[in-house]
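What follows is a set of notes on a single structure, which appears directly below.
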Amino acid sequence: KPKQQVLSRFFSPK
Amino acid sequence: ILELRLVQATLFKNVLEAISDLFSKANFDFSGTGLELQAMDTSHVALVALLLRAEAFNHYLCDRDLSMGLNLADMAKAFRCANNDDIITIKAEEDWSDTVTFTFESPEDGEISIFDFDFVGTNGVPLEIPEFPESEYQAKVRMPSAKFMRICKKLSSFGDSGDRDTVVIISVDKECVNFFTRGKTGTSTIVCRQTQTVDKPKEPTLIEMKEQVSLAFDLRYMNSFSKGSTLSDQVTISLSSNLPAVFEYKIAETGYIRYYMLPRIEE
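Chains as they are written, first to last, in the numbering used here: chain W, 757 to 770; chain R, 3 to 269.
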């Protein structure tokens with residue numbers, strides 16, 4: 757099955 | 003001091019129903035503008051961002067920004083006890099005692115229920131959420147939110163392992179959006195054509211395509227996102243192979259709920 761990517765690289769802490 | 007009032011509990015009940023199965027904790031940011039809520043699931047696959055502008059409330063007083071983490075499961079339980087037409091008051095006192103009070107008042111019999119929630123740590127939210135440039139999205143699909151929910155349900159009933167780990171491929175080609183999944187002994191495809199707005203002006207399916215796109219998503223998450231349908235008649239899905247997909251429900255004139263998720267990729 758294709759691997760799920762995580763969102764971390766698109767959002768940084770405020 | 004923070005003091006908010008909503009004369010109908012429905013809006014908040016729907017918000018909690020739309021987020022509490024996927025996200026266990028959320029960060030609530032209250033400011034003069036309104037309420038901004040953010041939550042990330044524990045595996046960092048999905049992010050939800052909600053905005054309810056001050057105008058969404060019947061009374062809104064917030065003279066100092068306040069950010070609080072709250073447990074959504076506890077809140078959802080409390081809100082299930084509230085009737086749709088209960089009046090909700092949300093209050094936090096001046097001394098910032100690390101609790102917030104939600105009061106439900108029945109306009110009929112005057113019964114009042116009071117819930118105090120302690121602040122909790124959150125999964126790394128709040129985050130800075132940029133507005134991704136429109137031009138970076140290969141396709142945008144707008145459809146009735148009930149239709150999107152129905153599609154997710156149909157695909158779930160066919161998918162090879164129920165809701166768990168089933169992958170849906172969304173592909174946009176000219177005036178069609180296809181939802182494809184594989185079952186135990188076959189495949190299932192749901193094709194949605196762009197509808198002529200003159201026939202059903204209130205519930206159009208609109209497709210804007212810059213280039214063909216085909217992306218794989220986890221159906222379990224999509225199913226959860228589709229619960230946003232109680233907040234809006236329409237959902238807009240923005241698709242890109244390089245950016246998080248956005249599933250957006252506009253809440254009347256007063257805000258939105260946006261779910262972000264990246265597609266799955268071949269290793």
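A virtual CB, placed ideally from N, CA and C, is assigned to each residue, including glycine.
All figures in this text were calculated on a predicted structure; none of them were measured in a lab.
inquiry  = Quick check: residue 4 (chain R) and residue 91 (chain R), are their CB atoms within less than 8 Å of each other?
reply    = no
inquiry  = If distances are taken between C-alpha atoms only, which option among R:35, R:126, R:196 comes closest to residue 71 (chain R)?
reply    = R:126
task = Please go through the segment 72-106 of chain R and give each complete beta strand (DSSP E) segment of 3 or more residues, from N-terminal end onward.
result = 89-94
key: Residues in the segment 42-56 of chain R having any Cβ partner in chain W nearer than 9 Å   = 42, 45, 46, 47, 48, 49
message = So for residue 157 (chain R), helix, strand or coil by DSSP?
response = helix
Close Cβ partners of residue 239 (chain R) (< 6 Å) along its chain, the five nearest in sequence each way excluded = 143, 249
key: CB contact flag (residue 209 (chain R), residue 196 (chain R), <8 Å)   = yes
request  = Quick one: which residues of the segment 118-134 of chain R get their C-beta closer than 9 Å to a C-beta of chain W? List them in chain order.
outcome  = 126, 127, 128, 129, 130, 131, 132, 134
Chain-order list of residues whose beta-carbon lies under 6 Å from that of residue 37 (chain R) (same chain, five-residue window excluded) = 54
query = In chain W, which residues lie with their C-beta within 8 Å of the C-beta of residue 167 (chain R)?
reply = 757
query = Hey, is residue 255 (chain R)'s beta-carbon within less than 8 Å of any beta-carbon in chain W?
reply = no
message = Would residue 122 (chain R) and residue 73 (chain R) be called neighbours here (beta carbons separated by less than 8 Å)?
response = yes
request  = Could you tell me whether the Cβ of residue 262 (chain R) comes closer than 8 Å to any Cβ of chain W?
outcome  = yes
key: Straight-line Cα distance separating residue 75 (chain R) from residue 27 (chain R)   = 8 Å
inquiry  = Suppose only complete runs of 4+ residues qualify. What are the alpha helix (DSSP H) ranges in the segment 164-250 of chain R, listed by chain order?
reply    = 221-227
key: Burial state of residue 44 (chain R) (16 or more Cβ within 10 Å)   = exposed
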